[in-house]
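*Asks:* Keeping their order, the protein sequence lines are chains A and B. Reminder that position 23 of the first sequence reads as 23 in this note's numbering, one-by-one numbering, no gaps. Reminder that position 85 of the second sequence reads as 457 in this note's numbering, one-by-one numbering, no gaps. For glycine and all other residues, C-beta sits at the position ideal for the given N, C-alpha and C. Shown below is the structure under consideration.
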Amino acid sequence: MRGRPLLYRSYEQDGGLLNTAAKRWWSAALLAVLVWVPFQASPDLVLLLATAAIAAIGAIGLNIVTGYAGQVSLGHAFFLGVGAYTAAVLNGDPAARSGVVGYGLDMWIWLPAAGLVAAAAGLLVAPIAFRLRGLYLAIVTLGLVFIGDHIFREAESLTGGVGVGRKAAAPELFGFSFAEPGTILGVPLARDQGLYFMGLIALVIMALFARNVARSGVGRAFAAVRDRDIAAEVMGVSLRRYKIYAFVISSFYAGIAGSLLYTISRFLEPGTFGLLLSVQYIAMVLIGGPATISGSIMGAAFVTLLPRLIEEVPSFVPIISGEAAGGFLTTQQLEQFLYGLLIVLFLIFEPRGMYGIWARARNYWKAWPFSY
Amino acid sequence: MTRLLQSLAAGVGQGSIYALLALAFVIIYKSMRVVNFAVPGMMILGAYMVVYFGNVLGINFWIALLLAILVGAVVAFLIERLAIRPMIGKPVFAIAIITLGIDVLLRVVTSDLIGTNIRNIRDPWGLKTFNLGDVVIQHRRVAMVVAAALVCGLLFLFFRYSRIGLAMRATAFDQEAALTLGISVGTVFALSWVIAGGLSALAGMFVATGSGIDQQSAFVALKALPAVILGGIDSIPGAVVGALTVGIFEGLSNTYQIQYLPFLGQNFAQVVPYVILFIVLLVRPYGLFGTPEIERV
Numbered sequence: 001m002r003g004r005p006l007l008y009r010s011y012e013q014d015g016g017l018l019n020t021a022a023k024r025w026w027s028a029a030l031l032a033v034l035v036w037v038p039f040q041a042s043p044d045l046v047l048l049l050a051t052a053a054i055a056a057i058g059a060i061g062l063n064i065v066t067g068y069a070g071q072v073s074l075g076h077a078f079f080l081g082v083g084a085y086t087a088a089v090l091n092g093d094p095a096a097r098s099g100v101v102g103y104g105l106d107m108w109i110w111l112p113a114a115g116l117v118a119a120a121a122g123l124l125v126a127p128i129a130f131r132l133r134g135l136y137l138a139i140v141t142l143g144l145v146f147i148g149d150h151i152f153r154e155a156e157s158l159t160g161g162v163g164v165g166r167k168a169a170a171p172e173l174f175g176f177s178f179a180e181p182g183t184i185l186g187v188p189l190a191r192d193q194g195l196y197f198m199g200l201i202a203l204v205i206m207a208l209f210a211r212n213v214a215r216s217g218v219g220r221a222f223a224a225v226r227d228r229d230i231a232a233e234v235m236g237v238s239l240r241r242y243k244i245y246a247f248v249i250s251s252f253y254a255g256i257a258g259s260l261l262y263t264i265s266r267f268l269e270p271g272t273f274g275l276l277l278s279v280q281y282i283a284m285v286l287i288g289g290p291a292t293i294s295g296s297i298m299g300a301a302f303v304t305l306l307p308r309l310i311e312e313v314p315s316f317v318p319i320i321s322g323e324a325a326g327g328f329l330t331t332q333q334l335e336q337f338l339y340g341l342l343i344v345l346f347l348i349f350e351p352r353g354m355y356g357i358w359a360r361a362r363n364y365w366k367a368w369p370f371s372y
Numbered sequence: 373m374t375r376l377l378q379s380l381a382a383g384v385g386q387g388s389i390y391a392l393l394a395l396a397f398v399i400i401y402k403s404m405r406v407v408n409f410a411v412p413g414m415m416i417l418g419a420y421m422v423v424y425f426g427n428v429l430g431i432n433f434w435i436a437l438l439l440a441i442l443v444g445a446v447v448a449f450l451i452e453r454l455a456i457r458p459m460i461g462k463p464v465f466a467i468a469i470i471t472l473g474i475d476v477l478l479r480v481v482t483s484d485l486i487g488t489n490i491r492n493i494r495d496p497w498g499l500k501t502f503n504l505g506d507v508v509i510q511h512r513r514v515a516m517v518v519a520a521a522l523v524c525g526l527l528f529l530f531f532r533y534s535r536i537g538l539a540m541r542a543t544a545f546d547q548e549a550a551l552t553l554g555i556s557v558g559t560v561f562a563l564s565w566v567i568a569g570g571l572s573a574l575a576g577m578f579v580a581t582g583s584g585i586d587q588q589s590a591f592v593a594l595k596a597l598p599a600v601i602l603g604g605i606d607s608i609p610g611a612v613v614g615a616l617t618v619g620i621f622e623g624l625s626n627t628y629q630i631q632y633l634p635f636l637g638q639n640f641a642q643v644v645p646y647v648i649l650f651i652v653l654l655v656r657p658y659g660l661f662g663t664p665e666i667e668r669v
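Written out as C-alpha cells, the structure is:
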C-alpha cells in the first residue's frame with residue numbers, strides 16, 4: 001500500500017502499536033534521543049530523568065485502574081510502599097544491625113517479587129473494591145493509605161521504624177550493579193547513567209505491556225466498565241473480574257515502580273508513603289492525560305522535573321523563598337501548591353491533560369494552513 | 373469501670389467533632405452528589421483563623437470564633453463559585469478530585485501560616501476537668517457534645533421549617549424537579565458549601581482545643597469520612613450516629629488496645645476509624661443507614 005499509509009485492510013493493522021509511518025519514525029527517533037541524552041546531560045539531571053522513568057511506571061499503573069478502568073484509587077502510595085519494602089527486605093543485608101530483616105537476594109528475585117507481592121495486596125483489597133462504586137471506592141482507598149502508613153511505621157523489623165528507616169534494595173542483577181560505575185557492552189557507564197538505563201529499560205517494557213493490555217480485549221472491557229458499568233455488564237463484561245484485573249495489574253506496576261524508585265535515593269523512610277504521595281501520582285495521571293500511556297509518561301516527567309524548575313523560581317519571585325524560614329512559601333510548599341493548582345486547572349480546562357494539548361497541536365499542524 | 377466510662381466520655385467528645393465534620397461532608401454530598409475532600413483544608417484554615425483572630429490580633433475568643441466561622445463560610449463559598457460551579461455536569465470523579473486539589477492548596481497555605489510550632493488557642497475550657505462520680509471529664513469534651521447537639525438541632529429546624537431548607541431538601545431529592553419548580557439550585561449549592569465551611573471551621577476550633585494544632589492536624593478531618601460512610605453517605609442522622617460510633621471506638625482503642633492487642637502497635641487508635649470502615653463496607657456496601665443506589669438504564 002505504498003503512498004496510501006492510512007489505508008488499513010485489517011483490524012490488526014488498524015489497532016497496531018505503531019500504526020502510522022510517523023509513529024514508527026518518531027518512536028525510533030525518540031528512543032535514539034533517550035539513549036543519547038544521558039551522555040550529554042549533567043549527572044544530577046540524568047538521575048532526575050531516571051526517577052521520572054521509574055515514576056512513569058507507577059503512573060502507568062495508576063492510569064490503568066483510574067484512567068482506563070475508571071476506578072478512582074487514592075491508595076497508590078500503599079502499593080508503592082509494599083513494593084519498595086518487599087524489595088528492601090528481600091535484598092537487605094542479612095548481617096545488618098539487629099532487628100531489621102534481610103535476605104540478601106539478587107535483583108532477578110526481588111524485582112518480580114516486589115511486583116507480585118504488591119499485586120497480591122491489590123488482590124486482597126479487590127473484594128472490597130469491586131463491591132463499591134465511585135466515591136465510596138475513593139474513600140476506601142484513602143483509608144488504605146492511612147492503614148498502610150500505620151503498618152509501615154509500626155512493623156519495625158521490616159521497615160526500620162519512623163525516623164530510622166532502612167536501606168533500600170540495591171539494583172544488582174547477576175553481579176552487575178546498575179548503581180555503581182561499570183561497563184556494559186564495552187561502554188563505560190557512571191552511576192547515574194546505569195540507573196537511567198535501568199529505569200529506561202524497565203519503562204519501555206512496562207509501557208509496551210500496558211499499551212498491549214489497553215488495546216486488547218481486556219483494555220476494551222476496562223473502557224466499557226469505565227464508561228457505563230451497567231451497560232458493560234449487560235454486554236457480558238464481568239465487572240467483578242475486570243475490576244480485580246485492573247487492581248491487580250495496577251498494583252503490580254506500583255510494586256515494580258516502588259522497588260526501583262528507591263534504588264536511586266538508596267534509603268527508605270516509613271513516613272514517605274502517605275496521602276501526599278498518592279496525590280502526586282494522581283497529579284501525574286491527570287496532568288499527563290487519563291487513559292493514555294504516553295500521557296502517563298509525560299505527566300510523570302513533568303511532576304518529577306517540577307521541583308527542579310521550582311528551584312529556579314526564588315530568584316524571580318521575591319515572596320517565594322529557597323530557605324525553610326523566609327518568604328511566604330518555601331519551594332517545597334510551592335511544589336505541593338502547584339500539584340493542587342495544576343490538578344484543578346487541568347480538570348477544568350484540559351481534561352485530556354498534556355496528551356490533549358499534544359493531540360490538539362498535532363491536529364493543528366496536520367491540517368495547516370487550513371483550520372480543519 | 374471508671375476507665376471504661378472515662379474513655380467513653382473522651383470518645384463521645386471526639387465523636388462530636390467527627391459529627392460536625394461528617395455533617396459538612398453529608399450536606400454537600402446531598403446537594404451535589406460530590407464528596408468534598410477539601411474539608412480537611414477548610415477545617416484547618418478555620419482552626420488557624422481562631423488562632424489568628426484570638427492570639428495574633430488578641431480579639432475575644434467568642435468573637436474570634438465567630439469571625440473564623442465567617443471566614444470558613446466565605447472561603448467555602450469562593451471555592452464553590454470558582455472551582456466547582458464550572459464543573460457542574462462533569463463526572464463526579466472529576467469534581468471530587470478537584471476538591472482534593474483544593475484541599476492541597478488550602479493545607480499548604482495554612483501549614484505555612486501555622487509554621488513549624490504547635491499553635492494553641494485561648495479557649496475558655498483549657499484542660500480543666502470536673503468529676504462525675506469517679507469519672508474525670510474535661511470541660512472541652514462537654515463543650516464539643518453541646519455544640520454538636522446544638523448544631524444538629526439548629527440544622528434540623530432549618531431543614532424542617534425554613535423555606536430555603538425545604539428547597540435544599542427538594543434539591544437533594546431530585547435536582548431537575550426542583551429546578552422546574554423554580555428553586556434556585558445554584559443558591560442551594562452555594563448555601564450547602566457555606567454551611568459546610570462554617571461547620572468545618574467550628575470543628576477546627578474544637579480540634580485545636582487541648583493540645584493545639586500543628587501542620588499534621590488537618591488529617592483528623594479525614595477520619596470523619598469513615599463516620600460518613602458508616603452512617604450512609606446521604607443520611608444526616610446516620611452521619612451523627614456513625615461519628616459517635618467511630619469516636620467511641622477510637623476512645624476505647626486509645627485506652628485498651630495497647631494493653632490487650634499490643635501487636636497492633638502504638639497509636640493504633642488513629643487508624644481505628646479506617647479499620648471500622650473496611651469491616652462495615654465488607655458487610656454493608658452502602659453503610660448502615662444509606663440508601664442503596666438503584667440504577668436504571
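In the DSSP output, which residue or residues are listed as bridge partners for Leu189 of chain A?
*Replies:* Bridge partners of Leu189 of chain A: A:Gly182.
*Asks:* Please confirm whether Val480 of chain B has its beta-carbon closer than 7 angstroms to some beta-carbon of chain A.
*Replies:* Yes, its Cβ sits closer than 7 angstroms to a Cβ of chain A.
*Asks:* So which residues of chain A does Val579 of chain B contact, with C-beta pairs closer than 8 angstroms?
*Replies:* By Cβ distance, chain A contributes nothing, its closest Cβ being about 17 angstroms from Val579 of chain B, past 8 angstroms.
*Asks:* Is it buried or exposed, Met235 of chain A, if we count other Cβ atoms within 10 angstroms and call 16 or more buried?
*Replies:* Exposed, because fewer than 16 other Cβ atoms sit within 10 Å of the Cβ of Met235 of chain A.
*Asks:* Ser388 of chain B versus chain C: which residues are under 7 angstroms apart at the beta carbon?
*Replies:* Protein chains in the displayed structure are A and B, and chain C is not among them.
*Asks:* Tell me which residue opens and which closes the alpha helix (DSSP H) that Val72 of chain A is part of.
*Replies:* Looking at the DSSP string, Val72 of chain A is not in any alpha helix (DSSP H), and its letter there is neither H nor E.
*Asks:* Measuring only between beta-carbons, confirm whether Gly143 of chain A sits less than 7 angstroms from chain B.
*Replies:* Answer yes: the Cβ-Cβ gap between Gly143 of chain A and chain B drops below 7 angstroms somewhere.
*Asks:* What residues in its chain sit with their C-beta under 8 angstroms from that of Asp227 of chain A, if we drop five residues either side in the sequence?
*Replies:* Answer for Asp227 of chain A: Gly70, listed in chain order.
*Asks:* Closer than 8 angstroms by beta-carbon distance: list the chain A residues that pair up with Phe362 of chain B, in chain order.
*Replies:* Residue 362 of chain B is absent from the structure shown; chain B starts at 373 and stops at 669.
*Asks:* Whose C-beta lies closer than 7 angstroms to the C-beta of Phe561 of chain B among residues of the same chain, with five residues either side of it excluded?
*Replies:* Correct list, in chain order: Ser403, Met404, Glu452.
*Asks:* Determine which residues of the region 142-161 of chain A have a Cβ less than 7 angstroms from any Cβ of chain B, and write them out in chain order.
*Replies:* Here the close residues are Leu142, Gly143, Phe146, Ile147, His150, Glu154.
*Asks:* Per DSSP, what kind of secondary structure is Ile493 of chain B in: helix, strand or coil?
*Replies:* Three-state result, Ile493 of chain B: coil.
*Asks:* Using a beta-carbon distance below 7 angstroms, is Arg131 of chain A in contact with chain B?
*Replies:* Cβ-Cβ to chain B under 7 angstroms: yes for Arg131 of chain A.
*Asks:* Quick check: is the beta carbon of Ile343 of chain A nearer than 7 angstroms to any beta carbon in chain B?
*Replies:* Yes, contact with chain B.
*Asks:* Please classify Trp565 of chain B as buried or exposed, where buried requires at least 16 neighbouring CB atoms within 10 angstroms.
*Replies:* With 16 or more other Cβ atoms within 10 Å, it is buried.
*Asks:* From the beta carbon of Val72 of chain A, is the nearest beta carbon of chain B less than 7 angstroms away?
*Replies:* Val72 of chain A counts as touching chain B.
*Asks:* Note down, in chain order, all residues in the region 48-62 of chain A with a beta-carbon under 7 angstroms from any beta-carbon belonging to chain B.
*Replies:* Listed by position, the residues of the region 48-62 of chain A near chain B (Cβ gap below 7 angstroms) amount to none.
*Asks:* Within a Cβ cutoff of 6 angstroms, which residues of the same chain sit near Ala77 of chain A, ignoring the five residues on either side of it in sequence?
*Replies:* So the qualifying residues of the chain are Val145, Phe273, Leu277, Ser278.
*Asks:* Whether or not the region 470-479 of chain B and the region 549-563 of chain B are in contact is what I'm after, with contact meaning three or more pairs of Cβ atoms, one per stretch, closer than 8 angstroms; do they touch?
*Replies:* No, they do not touch.
*Asks:* Where does Lys167 of chain A fall in DSSP's three states?
*Replies:* Note: Lys167 of chain A maps to strand in three-state DSSP.
*Asks:* Using only the alpha-carbon positions, how far apart do Met414 of chain B and Val407 of chain B sit?
*Replies:* Cα to Cα, Met414 of chain B sits roughly 14 angstroms from Val407 of chain B.
*Asks:* Measure how close the beta-carbons of Ala214 of chain A and Ala224 of chain A come, nearest whole angstrom, since I'm counting them as under 8 angstroms.
*Replies:* At roughly 13 angstroms, the Cβ-Cβ gap does not stay under 8 angstroms, so Ala214 of chain A and Ala224 of chain A are not in contact.
*Asks:* Among residues of its own chain, excluding the 5 on either side of Ala53 of chain A, which ones have a beta-carbon nearer than 6 angstroms to its beta-carbon?
*Replies:* For Ala53 of chain A, where only same-chain residues beyond five positions count, the Cβ hits under 6 angstroms are Gly199, Leu200, Leu203.
*Asks:* Should the region 388-399 of chain B be called in touch with the region 628-643 of chain B, which here means at least 3 C-beta pairs below 8 angstroms?
*Replies:* Output reads no: the region 628-643 of chain B does not touch the region 388-399 of chain B.
*Asks:* Going by Cα to Cα distance, which pick from B:Gly418, B:Leu636, B:Gly619, B:Phe661 is closest to Pro645 of chain B?
*Replies:* It is B:Gly619 whose Cα lies nearest to the Cα of Pro645 of chain B.
*Asks:* So the candidates are A:Val33, A:Gly134, A:Leu74; which of them puts its Cα closest to the Cα of Ala254 of chain A?
*Replies:* It is A:Leu74.
*Asks:* Tell whether a beta-carbon distance below 7 angstroms holds between Ser625 of chain B and Phe661 of chain B.
*Replies:* Result no, Cβ atoms of Ser625 of chain B and Phe661 of chain B do not sit closer than 7 angstroms.
*Asks:* Kindly indicate if chain A contains any beta-carbon less than 7 angstroms away from that of Leu649 of chain B.
*Replies:* Output row for Leu649 of chain B: interface = yes.
*Asks:* So is Thr141 of chain A buried or exposed if we call it buried at 16+ other beta carbons inside 10 Å?
*Replies:* The residue in question, Thr141 of chain A, is buried, as its Cβ has 16 or more Cβ neighbours within 10 Å.
*Asks:* Any contact of the region 479-492 of chain B with the region 570-579 of chain B, i.e. 3+ C-beta pairs under 8 angstroms?
*Replies:* No, because fewer than three Cβ pairs between the region 479-492 of chain B and the region 570-579 of chain B fall closer than 8 angstroms, the two stretches do not touch.
*Asks:* With respect to the alpha helix (DSSP H) encompassing Ile441 of chain B, which residues constitute its N-terminal and C-terminal limits?
*Replies:* Counting along the chain, the alpha helix (DSSP H) containing Ile441 of chain B begins and ends at 433-451.
*Asks:* Using a Cβ cut-off of 7 angstroms (strictly closer), state whether Val407 of chain B contacts chain A.
*Replies:* Chain A contact via Cβ: present.
*Asks:* In chain order, what residues of the same chain lie with their CB nearer than 6 angstroms to the CB of Ala325 of chain A, ignoring the 5 residues before and after it?
*Replies:* In this predicted model, Ala325 of chain A has a pLDDT of only 49, less than 50, meaning its place in the structure is not dependable; the value taken from the coordinates is given anyway. Nothing listed; no residue qualifies.
*Asks:* Using a Cβ-Cβ distance under 7 angstroms, would Ile456 of chain B count as near chain A?
*Replies:* Chain A contact via Cβ: absent.
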